[in-house]
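Encoded as structure tokens, the structure appears first; notes follow it.
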Amino acid sequence: MFGFLKSKHGDEELSRECVRHVFAVGRETCPSIVEAVQMFTQGDVSFPVNDAASLDISLAILGTSLAVLKGHSQVMTADRGTHIETFCKHSIQRDYDLPSDSADKLNDTLDEYQAAFEKSMAGKNNPFGETSGMMLVRCLGPRAKALCLPGTSALRFFVHQVVGDLMTMTVTQVLTFWKGK
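In terms of our numbering, the sequence shown opens at residue 204 and continues consecutively.
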């Protein structure tokens, strides 16, 4: 029993560290995603490198990472991944001086990314493509249509590949955070 409580306490603190780590990774990744969008659109479409965009990117990274940890990774068991998710959401509610409704919205966004990841996995599609597409829509709003194939909501291959690769690399950083812990 005491070992379980020790592990639970350790996972809670590690989850708090993980959220801080993901927010830092999102901040670092934001300029690269903006650059990829600008390169693809020859500068016609962009979004600012600011706290709001970094938060959108961080939520995409964290939501996708949690989906991976909850059953698609050898880093930990799915049950432990579910506990980590709970601790990460509690961290967002407690550690960032956010109003309750704002923290709830952020946690709902994490759920949306996880649901998109799971839906893609179930359909045997690349889950990073779906989550990166959602992230771009959040960052760009209606301007995201400029990144799609004409007449569709499907991202053009190059944007899909570059942003999906960035998403995959950042999620891998988060998984590496948990390796051996």
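Glycine is no exception: its CB is placed at the ideal position from the N, C-alpha and C atoms.
Asked	Found
Top-ranked residue by Cα proximity to V340, from K327, A325, A357 and K382	A357
Close Cβ partners of E288 (< 6 Å) along its chain, the five nearest in sequence each way excluded	L269
Residue range of the unbroken alpha helix (DSSP H) whose run includes Y299	Per DSSP, Y299 belongs to no alpha helix (DSSP H) and is neither H nor E.
Y299 versus G266 - alpha carbon distance	17 Å
Rounded distance between the beta-carbons of L217 and L262, thought under 8 Å	With 8 Å as the limit, L262 and L217 do not qualify as a contact, their Cβ atoms being about 19 Å apart.
CB of R219 within 9 Å of CB of S294, strictly	yes
Whole-angstrom distance between K384 and Y316, CA atom to CA atom	24 Å
Whether L352 touches R359 by CB criterion (9 Å)	yes
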